[in-house]
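Residue numbers (our numbering), protein chains in the order written: chain G, 3 to 127; chain B, 73 to 626. Quick reminder that beta carbons are idealized off the backbone N, C-alpha and C, glycines included. Given the structure is predicted, the values throughout are model-derived calculations rather than measurements.
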Amino acid sequence: MSSQVILVADDDDDILLLVTTRLRRDGHEVVSASRGDDALALAREIRPALAVLDVGMPGLDGLQVLEQIRADETLDGTRVLLLTAKAQESDVRRGYAGGADAYVKKPFSPAELSTRVRELLDETG
Amino acid sequence: MDLRRALREHHVGAFFLAVGVVLSGVYFLIPGGAPQSVLYDTIGIASSLAIGLGVVLHRPEARMPWLLFGLGNLSFAVADIIFDVSPDATVPSVADWFYLAGYPLLAVGLAYLIIHAGGHHRFAALVEAAIVTVAFALFQWVFVVDQIVDGVGSASERAVTAAYPSMDVLLLAGLAGFFVTAAWRTPAFLLLVGAVVTMLVADEIYGLNPGGYAAGDWVDAGWMLSYLLWATAALSPSMQKLSKPRTRTRQLRVSPVRIMLLVAALLSAPAVLLIQDVRGAPLNVPAVVTAASIMAVLVVLRLMGILRALERIRARLIEADRLKDEFVALISHDLRTPLTSIMGYTELALDDDIEPKLDQERRSYLEVVSRSSNRLLRLVDDLLFVARLQAGRLDLTPAPLDLCEVAQQTVEEAKRRAEAKGVELVFEGDGAVEVSADKGRLFQLLDNLVSNAIKFTPEGGRIEIRVSRNERAILEVRDNGMGFTADEASRVFDRFYRADNAIEGQVQGTGLGLFIAQAITEAHGGTISAAPRDGGGAVFRIELPYARTAMILK
């Protein structure tokens, strides 16, 4: 059984703080990483209920982290929400094809993100 | 030193040419024999020396070509004098040797200028020059040399006589190469070309009918003018530039003159066949076959060069396209990231959950930040959309969907904005109207139209959105806002176009919204139109084809 922790990864410190602040205010337990490879290591360690991943990150990009998470059987229970400044339809399609559960475009409204996160966690039960 | 400057500054070349032309006129007025010979020889010697003077005056970077031009002309002038002293010497005479020595000197001088000019396209230019030269050589061979070879006289006499037209071919090769490679069309360039052309024309008139020539003939005018033009070219200050290597290399210019010359050259073989056939003259088959074959090979070489150049250009265009895409993606990312922080933190700051609560004044300031960043985001999105559109990257994923439903959603989303402005938003539509469209884009299109209507409709106004069926699916947005004139109706879709009323009424906008609406409509195979309404306001009408499945069901 995975934990109810949310993993947030973004290489932009301000945005990382924005997301973690919002989610903590909503009462979630949040851990963060600012590199893709760190995020993956953390995900394997804590097996979060949800990973909010930025697409453009050093180390591994969000899509690669997603791919690794999906390839890892121990992380079956982890939902993935991709967060990106790339708003092109093709990126969205690639994200879903890679197994993302949700997709939020930057700039996003923290309230909207918070709603999406709640929906995803509720679905997991 | 001062004399040098004075001569440079006082158009010594023009003066020389003017005096020379007058003297050439005098030549035809004075009695033949010695007086004419003296004047003719003087012009030749003076011109040769003037070329030397030009080199001293202008000190060109490359002196060698000009010294060769001087020597070549001097060689002709000496030959003139020897010929005048003993006009009846048997061919080959000493005069012949001097004449024949002059041509290679001039041709080598021209070649030197061509090589010195450098440049990537030299190869292409020389191929073209070779094509023209081969054509000219064919004419010389068939119409001049054959005549001499088959003519009377001793073997050596005929050989030397035939050397003249061959030398003309050599000089023409130099001229053609020089004409196509030179990027600088300076006065000195034109004078040099003029000098060679005049000389070749005079030689040809002489060569086609050598028996008809006598001293004092009009042909002499050509040779004298040629002397004078060589000298004037050397005296022109622009000769300096002509002798400098070019730093910039340009693609060959496809001028009409160049095309005409090449076409004429390529038609030379059939032309020779035709002329000889009409004249009933014997056909020199080896000459025609040789010339035509060489020209064919040269044309293929030239074509290969053009194809290679096209391939290089194509590779560059692909690279430029890729860089543009990369740039758009980068800008998209770099503009959105700070916007995410601005908008997100503003929202967090406006959050009612945090204590202490914001006072009304600070709250109103942050609301301005929020509104402005929303506007900025819309602008960034519009600009990126247009950039993608121009790069041909409008990815559409069409699926059958109900136009009524999407329109209703648009109205729902816009309702709050309309109410805030005191504008009534009304939707009319009955039943499903199935079209094949990309949902995101269709929504963007309808939102653009509705937002536009809200923007231009004053408080208390009314906007109607109506979906109906006709030959095609129809969506109309009618407002009773400020509208536009009938003249403006066709231009409202132009990129960055803003109607006079919009500018006067200080309605904010970039003039991209309707351009984008039109692009999306057309990408879906539809049409969009705008018209002013009687009594103010505007109607926007979109027609979209029905989804194919719906057509089959009907």
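- In the three-state scheme derived from DSSP, where H, G and I count as helix and E and B as strand, P176(B) is classed as helix.
- When Cβ pairs closer than 8 Å are counted between the two stretches, the region 166–185 of chain B is seen not to touch the region 339–354 of chain B, the count staying below three.
- In the three-state reduction of the DSSP assignment, I426(B) falls in the coil class, being assigned neither a helical nor a strand state.
- CA-CA distance, L402(B) to L456(B), rounds to 11 Å.
- Per the Cβ contact rule, the region 484–503 of chain B is not in contact with the region 554–569 of chain B (fewer than 3 Cβ pairs under 8 Å).
- Residue-level contact by beta carbon fails for I48(G) and chain B, as no gap is shorter than 8 Å.
- Under the three-state reduction of DSSP output, E543(B) falls in the coil class, being neither helix nor strand.
- Distance between D16(G) and P604(B), taken at the CA atoms: about 48 Å.
- At least one CB atom of chain G sits nearer than 8 Å to the CB of D425(B).
- Of the residues assessed, Y98(G) falls on the exposed side of the cut-off, its CB having fewer than 16 other CB atoms within 10 angstroms.
- Taking the Cα of E75(G) as reference, the smallest distance to any Cα among L62(G), R49(G) and V32(G) is reached at R49(G).
- Identification of residues in the region 523–536 of chain B having a C-beta nearer than 9 Å to some C-beta of chain G yields an empty set.
- Nearest to T469(B) by alpha-carbon distance, out of A492(B), L514(B), F148(B) and S327(B), is L514(B).
- If you check the CB distance, D454(B) and T582(B) come in under 8 Å.
- About 22 Å separates the beta carbon of M311(B) from that of S96(B), a gap too long to meet the 8 Å contact definition.
- Contact of I17(G) with chain B by beta-carbon distance below 8 Å involves T409, T412, S413 and G416.
- Straight across, the Cα-Cα distance linking G142(B) with S298(B) is about 13 Å.
- When the alpha-carbon of L178(B) is set against those of S540(B), K429(B) and V268(B), the nearest one is in V268(B).
- Assigned with DSSP and collapsed to three states, Y569(B) falls in coil, not helix or strand.
- When C-alpha distances from Q516(B) are compared across S540(B), V478(B) and E531(B), the shortest belongs to V478(B).
- Contact holds between the region 356–365 of chain B and the region 195–212 of chain B, because three or more Cβ pairs, one in each stretch, are under 8 Å apart.
- Contact between the region 404–416 of chain B and the region 434–446 of chain B is present, with at least three C-beta pairs closer than 8 Å.
- A residue is called buried when at least 16 other Cβ atoms come within 10 angstroms of its Cβ; V110(B) does not meet this threshold and is exposed.
- Contact between the region 149–167 of chain B and the region 331–339 of chain B is absent, with fewer than three C-beta pairs closer than 8 Å.
- Counting only Cβ-Cβ distances below 8 Å, L449(B) has contacts in chain G at P109, in chain order.
- Inclusion of I186(B) and T258(B) in the CB contact set at 8 Å is not warranted, their separation being larger than that value.
- The CB of E398(B) never comes closer than 7 Å to any CB in chain G; the least such distance is about 13 Å.
- The beta carbon of L438(B) is closer than 6 Å to those of T418, A421 and L422 in its chain, skipping five residues each way along the sequence.
- One Cα belongs to F100(B), the other to P107(B), and the distance between them is close to 11 Å.
- In the structure shown, T86(G) adopts extended strand secondary structure according to DSSP, grouped into three states.
- Listed by position along chain B, the residues whose Cβ is nearer than 7 Å to that of T23(G) are L420.
- Annotation for F251(B): the continuous alpha helix (DSSP H) segment containing it runs A227 to T253.
- One Cα belongs to L466(B), the other to G585(B), and the distance between them is close to 16 Å.
- For K108(G), no beta strand (DSSP E) encloses it, and the DSSP letter there is neither H nor E.
- Rounded to the nearest whole angstrom, the CA to CA distance from R380(B) to L338(B) is 22 Å.
- When V128(B), T162(B), V157(B) and I115(B) are compared, the shortest CA-CA separation from N145(B) is found for I115(B).
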